[in-house]
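Trainee:
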Amino acid sequence: TGSETSSFETPLPVNVIEGVTLDRRAVMSIPDTLARQPGVDAVTAGSGSVHPMIRGLQGERVLVLVNGIRLSEQRPGGNHVFSLDSARVERVEIVRGPASVLYGSDAIGGVVNFITKGADTVVGPGTRFSGEADLRYESATDGWKPSAHLRFGDGSFNGYMGGTWKDADNLETAAGELKNSFYEGGAFWLGGTYTGDFWKAYVDYAFMQADIGIPAPAAFSEDYFNDERHQTLTAGVETGEFGDRFKLDFGWQRHNRNRFRRKVAGNPPVLQGDLIVDIQVDIDTYTLKPQWVMTPNDAHRLTFGLDTFYEDATSTRTLTDSGSAWVNPKFNNVPVIPDSSRVGLGVFVQDEIGLGDRWLLTPGLRADWIESKTDGHPRHALTGGETSESSAVSGNLGLLYKLRSDLNLYANLGRAFRAPTLLELYFYGPHDVGNDVGDPELDAETSWNADVGIKASTENTDWMLSAFHNRVDDFIVKEKQANSDYLYMNYAEVALYGLEAGWERRCGNGLTLFASGSLVRGENADTDADLPGIPAMKLQYGLRYEVPLEGDHLLWMELSGQTAGDQDRTGPNERSTDGYTIGDLFVGLETAGGWSVVAGVENFTDKSYQNHVSSVWQEFGLSDQPGRNVKVMVKTRF
Numbered sequence: 002t003g004s005e006t007s008s009f010e011t012p013l014p015v016n017v018i019e020g021v022t023l024d025r026r027a028v029m030s031i032p033d034t035l036a037r038q039p040g041v042d043a044v045t046a047g048s049g050s051v052h053p054m055i056r057g058l059q060g061e062r063v064l065v066l067v068n069g070i071r072l073s074e075q076r077p078g079g080n081h082v083f084s085l086d087s088a089r090v091e092r093v094e095i096v097r098g099p100a101s102v103l104y105g106s107d108a109i110g111g112v113v114n115f116i117t118k119g120a121d122t123v124v125g126p127g128t129r130f131s132g133e134a135d136l137r138y139e140s141a142t143d144g145w146k147p148s149a150h151l152r153f154g155d156g157s158f159n160g161y162m163g164g165t166w167k168d169a170d171n172l173e174t175a176a177g178e179l180k181n182s183f184y185e186g187g188a189f190w191l192g193g194t195y196t197g198d199f200w201k202a203y204v205d206y207a208f209m210q211a212d213i214g215i216p217a218p219a220a221f222s223e224d225y226f227n228d229e230r231h232q233t234l235t236a237g238v239e240t241g242e243f244g245d246r247f248k249l250d251f252g253w254q255r256h257n258r259n260r261f262r263r264k265v266a267g268n269p270p271v272l273q274g275d276l277i278v279d280i281q282v283d284i285d286t287y288t289l290k291p292q293w294v295m296t297p298n299d300a301h302r303l304t305f306g307l308d309t310f311y312e313d314a315t316s317t318r319t320l321t322d323s324g325s326a327w328v329n330p331k332f333n334n335v336p337v338i339p340d341s342s343r344v345g346l347g348v349f350v351q352d353e354i355g356l357g358d359r360w361l362l363t364p365g366l367r368a369d370w371i372e373s374k375t376d377g378h379p380r381h382a383l384t385g386g387e388t389s390e391s392s393a394v395s396g397n398l399g400l401l402y403k404l405r406s407d408l409n410l411y412a413n414l415g416r417a418f419r420a421p422t423l424l425e426l427y428f429y430g431p432h433d434v435g436n437d438v439g440d441p442e443l444d445a446e447t448s449w450n451a452d453v454g455i456k457a458s459t460e461n462t463d464w465m466l467s468a469f470h471n472r473v474d475d476f477i478v479k480e481k482q483a484n485s486d487y488l489y490m491n492y493a494e495v496a497l498y499g500l501e502a503g504w505e506r507r508c509g510n511g512l513t514l515f516a517s518g519s520l521v522r523g524e525n526a527d528t529d530a531d532l533p534g535i536p537a538m539k540l541q542y543g544l545r546y547e548v549p550l551e552g553d554h555l556l557w558m559e560l561s562g563q564t565a566g567d568q569d570r571t572g573p574n575e576r577s578t579d580g581y582t583i584g585d586l587f588v589g590l591e592t593a594g595g596w597s598v599v600a601g602v603e604n605f606t607d608k609s610y611q612n613h614v615s616s617v618w619q620e621f622g623l624s625d626q627p628g629r630n631v632k633v634m635v636k637t638r639f
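Using our numbering, the first residue of the sequence shown is number 2, and each one after it goes up by one.
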């Protein structure tokens, strides 16, 4: 993702979501940015919690990048928030399927790369100033969100700064209010670039802070991330002095996560007052990635480099009964994970080989080593130090054949891997629906994935059809034990396979028709049992109509629908889900003066439905899908 090669010219299946699409749906959250994409879903627990899902895989099996730098979230198992605000997002690039050669561990399901708003690219004499500001509203949360992004520059320097604030109440579903689903907080960001004669440098800083509700069982009167904070600093330099392009990227992140839970008195009966659960997890992450691109001749384009990261995590946990001196001696003042760290090093090389006018061959190879350590804690399940190592060789072989200038066949065979996270290795104690227990002996996951497909792009029509099969060995799951604990463990082998399709037809006179769909199946290859967390079959379809007005204004309308099938192929401890059909309608006006007005209604029939991969539905039997949701956006560019 993020390369000069267009999605049509690559043997990988790629989705690109442009900023105009995000504006025309008046997106308010990260789940909104991923909606209605073939092969892509979002595991949600309110608007602040999202795990991107690609082809039935989620959590740490989908690598999330921000401007090409890995976003360290420690997101497996649980309703953890996503610390990137949609107001920063300029474009989203999604690779469906393994992409471990360039990106390393975690890209078993695919890659989501969020490209954020930045500076102007114009360089030259004179002072420059431009920007945009907008105000958005949605009725489902009675949520308001103002945002602004300013660009400025002079000579060889270009800078930017921006910010946003979101104030949203609990979500209103068609079945009623979803408690503990509020969001109140904001973010700001700033940065700049400097362009020399043969080089370019950049720096970017972003900070988010919010109180984010997390839906919970009825026994909890409060459950939210209190004063959630995430800082990121990235910097880099790019030059053509060493090969065609040399790029060095550095990243630092500090994530302060504080989960506050209040359980009502008498549940369990020993409680005299409310049980207060306070968990603090702090994670510092450092990344460094030098990368070279060289074209020794017309037939080859080499990309090679190093990929390193270091994570350091600390945590605390307290449990108190507000009505008595009672505390739970097993978990009180015992960290969820002891002081722990993880370091990784990867070496990679990939070549794009042109074989005549019709064939493009893309071989790649990568070696990774990751070591995790914990100091242990005298009252934790791990009382002493533990070290866990993972290493793997990954690779891919892609092939693109140009049947015609507007029609390409492609195939891709890839091997990927994922090292266990610190939480999967070392977690111990109460979580969302029980006690989670990590296993420091977990093996790394490895996978083989095969893709075949066809894609076309003509003056009036774009379409694609793809099929995939992904086999994952040592698949890590969290499974309920006889003592009701949930233990992280390895399955020997699982298989996921499916189909994806997309079509868009520009009919002329401003009318465009579109449709897409995806189907995924997942099985435990050892037992032939269905895997949990596999999305239902989905279809998206609709029409868009644009009418040019006098004075270079544009009026547009989009009517779309989504249909999901029944999902009764369920795994252990999983609910089945009924199918549904919902419809959305949006209209907008874009003026020559830079103003945009969007108004729309999602789920205009106020349908009550469940998303099969919603953790709120699976864990608590509740819906976190909005009922009829009116959305409005007013935006100006200057």
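Ideal placement from N, C-alpha and C gives every residue a C-beta, glycine not left out.
#1: Should the region 58 to 67 be regarded as contacting the region 95 to 110, the criterion being three or more beta carbon pairs within less than 8 Å?
#2: Along the chain, where does the beta strand (DSSP E) containing residue 499 start, and where does it finish?
#3: Measure from the alpha carbon of residue 168 to the alpha carbon of each residue in 143, 177 and 159, then state which is nearest.
#4: At the level of alpha carbons, what is the spacing between residue 339 and residue 370?
#5: Quick check: what's the CA-CA separation for residue 164 versus residue 263?
#6: How far does the beta strand (DSSP E) with residue 341 in it reach, from first residue to last?
#7: Alpha helix (DSSP H) containing residue 427: first to last residue?
#8: Output the distance between the C-alpha atoms of residue 78 and residue 499, rounded to the nearest integer angstrom.
#9: Leaving out five residues before and five after residue 368 in sequence, what residues of the same chain have Cβ atoms less than 6 Å from its Cβ?
#10: Just confirm the distance between the C-beta atoms of residue 641 and residue 281, as a whole number of angstroms; I'd bet it's less than 8 Å.
#11: Among 153, 266, 575 and 93, which residue has its Cα nearest to the Cα of residue 121?
#12: Does the Cβ of residue 172 have 16 or more other Cβ atoms within 10 Å, making it buried, or fewer, making it exposed?
#13: Please work out which residues of its chain come closer than 7 Å, Cβ to Cβ, to residue 575, disregarding the five sequence neighbours upstream and downstream, and give them in chain order.
#14: Counting along the chain, where does the alpha helix (DSSP H) carrying residue 23 start and finish?
#15: Less than 8 Å between the CB atoms is what I'm expecting for residue 252 and residue 288, so what's the real figure, rounded?
#16: Relative to the C-alpha of residue 306, which candidate in 313, 151 and 366 has its C-alpha closest?
#17: Output needed for residue 397: all residues of its chain with C-beta closer than 6 Å, excluding positions within five of it in sequence on either side, in chain order.
#18: For residue 8, name the three-state secondary structure that DSSP assigns.
#19: Can you look up residue 332 in the DSSP assignment and give me helix, strand or coil?
#20: List, from N- to C-terminal side, the beta strand (DSSP E) runs of 3 residues or more that fit wholly inside the region 227 to 287.
#21: Please name the residue in 628, 546 and 624 whose C-alpha comes closest to that of residue 589.
#22: Hey, could you find the ends of the beta strand (DSSP E) residue 96 is sitting in?
#23: In chain order, which beta strand (DSSP E) runs of at least 3 residues are fully inside the region 377 to 438?
#24: With residue 602 and residue 24 assumed to form a contact (beta carbons below 8 Å), what rounded beta-carbon distance in angstroms separates them?
#25: Taking just the CA atoms, how far does residue 514 sit from residue 470?
#26: May I ask you to report which of helix, strand or coil DSSP gives residue 17?
#27: For residue 42, I'd like the list of residues in its chain whose CB is within less than 6 Å of its CB, leaving aside the five on either flank, ordered along the chain.
#28: Could you spell out where the alpha helix (DSSP H) holding residue 647 opens and where it closes?
#29: Express the C-alpha separation of residue 34 and residue 19 in angstroms, rounding to a whole number.
#30: Mapping DSSP to helix, strand and coil, what is residue 621?
#31: Please report the residue range of the alpha helix (DSSP H) in which residue 34 lies.
#32: Leaving out five residues before and five after residue 441 in sequence, what residues of the same chain have Cβ atoms less than 6 Å from its Cβ?
#33: Check the DSSP bridge columns for residue 189 and list the partner residues they point to.
#34: Name the residue from 507, 495, 450 and 437 whose alpha carbon lies nearest to the alpha carbon of residue 481.
#35: For residue 314, count the other beta carbons within 10 Å of its own beta carbon; 16 or more makes it buried, fewer makes it exposed. Which is it?
#36: Count the other CB atoms within 10 Å of the CB of residue 353; is the residue buried (16 or more) or exposed (fewer)?
Mentor: On the basis of the coordinates in this document:
#1: yes
#2: As a working note, residue 499 is residue 498 in the sequence shown. Where residue 499 is concerned, the enclosing beta strand (DSSP E) stretches over 487 to 509.
#3: Taking the sequence shown and counting its residues from 1, the one referred to as residue 168 is at position 167. Comparing Cα positions, the closest option is 143.
#4: Taking the sequence shown and counting its residues from 1, the one referred to as residue 339 is at position 338. Taking the sequence shown and counting its residues from 1, the one referred to as residue 370 is at position 369. Rounded to whole angstroms, residue 339 to residue 370 spans 22 Å at the Cα level.
#5: Working through the sequence shown from its first residue, we reach residue 164 at position 163. Working through the sequence shown from its first residue, we reach residue 263 at position 262. Residue 164 and residue 263: Cα-Cα distance of roughly 32 Å.
#6: Within the sequence shown, numbered from 1, the residue matching residue 341 stands at position 340. Where residue 341 is concerned, the enclosing beta strand (DSSP E) stretches over 341 to 356.
#7: As a position in the sequence shown, residue 427 is number 426, starting the count at 1. It spans 423 to 427 - the alpha helix (DSSP H) in which residue 427 sits, taken as one unbroken run.
#8: Along the sequence shown, one-based indexing puts residue 78 at 77. Along the sequence shown, one-based indexing puts residue 499 at 498. Only weak support is given to the placement of residue 78: the predicted model assigns it a pLDDT of 47, under 50, and the value that follows is read from those uncertain coordinates. Distance between the alpha carbons of residue 78 and residue 499: 24 Å.
#9: Taking the first residue of the sequence shown as position 1, residue 368 is located at position 367. Taken in chain order, the residues that qualify are 348 and 394.
#10: Residue 641 falls outside the range modelled here, since the chain spans only 2 to 639, and no answer is possible.
#11: If you number the sequence shown from 1, residue 121 lands on position 120. Per the Cα distances, 153.
#12: The residue labelled residue 172 in the question sits at position 171 within the sequence shown. It counts as buried.
#13: Reading the sequence shown from its first residue, position 574 is the one you call residue 575. Closer than 7 Å at the Cβ level, and outside the excluded window around residue 575, lie 533 and 619.
#14: Working through the sequence shown from its first residue, we reach residue 23 at position 22. Looking at the DSSP string, the run of the alpha helix (DSSP H) that includes residue 23 is 20 to 25.
#15: Numbered from 1 along the sequence shown, position 251 holds the residue referred to as residue 252. Numbered from 1 along the sequence shown, position 287 holds the residue referred to as residue 288. Sure, about 4 Å apart at Cβ, within 8 Å.
#16: Looking up residue 306 in the sequence shown gives position 305. Of 313, 151 and 366, the residue nearest in Cα terms is 366.
#17: Counting from 1 along the sequence shown, the entry for residue 397 is found at position 396. Cβ within range, chain order: 102, 365 and 415.
#18: Locating residue 8 in the sequence shown gives position 7, counting from the first residue. Residue state, collapsed to three classes: helix.
#19: For the purposes of this step, residue 332 is taken as the residue at position 331 of the sequence shown. Residue state, collapsed to three classes: coil.
#20: 246 to 264
#21: By one-based count along the sequence shown, residue 589 stands at place 588. Out of 628, 546 and 624, 546 has the C-alpha closest to the C-alpha of residue 589.
#22: On the sequence shown, position 95 is the one that residue 96 refers to. From DSSP, the beta strand (DSSP E) with residue 96 extends over 90 to 97.
#23: 387 to 405, 408 to 419, 429 to 431 and 436 to 438
#24: Position 601 of the sequence shown, counted from the first residue, corresponds to residue 602. Position 23 of the sequence shown, counted from the first residue, corresponds to residue 24. Contact doesn't hold; Cβ gap of about 17 Å is too wide.
#25: Walking along the sequence shown from the start, residue 470 turns up at place 469. Walking along the sequence shown from the start, residue 514 turns up at place 513. Their backbone Cα atoms lie some 30 Å apart in a straight line.
#26: Stepping through the sequence shown from its first residue, residue 17 is reached at position 16. Note: residue 17 maps to strand in three-state DSSP.
#27: Taking the sequence shown and counting its residues from 1, one reaches residue 42 at position 41. Hits under 6 Å: 54, 536 and 614.
#28: Lying outside 2 to 639, the shown extent of the chain, residue 647 is not represented and no answer is given.
#29: By one-based count along the sequence shown, residue 19 stands at place 18. By one-based count along the sequence shown, residue 34 stands at place 33. Each residue's alpha carbon lies about 10 Å from the other.
#30: Translated into the one-based positions of the sequence shown, residue 621 becomes position 620. DSSP places residue 621 in helix when its eight states are reduced to three.
#31: The count along the sequence shown starts at 1 and reaches residue 34 at position 33. 31 to 34 is the extent of the alpha helix (DSSP H) around residue 34.
#32: By 1-based counting over the sequence shown, the position of residue 441 is 440. Contacts found: 387, 389 and 426.
#33: Along the sequence shown, one-based indexing puts residue 189 at 188. DSSP lists 164 and 208 as partners of residue 189.
#34: Position 480 of the sequence shown, counted from the first residue, corresponds to residue 481. Checked all of 507, 495, 450 and 437; the closest Cα to residue 481 is 437.
#35: Taking the first residue of the sequence shown as position 1, residue 314 is located at position 313. That one is buried.
#36: As a first step, residue 353 must be located in the sequence shown, where it is residue number 352. That one is buried.
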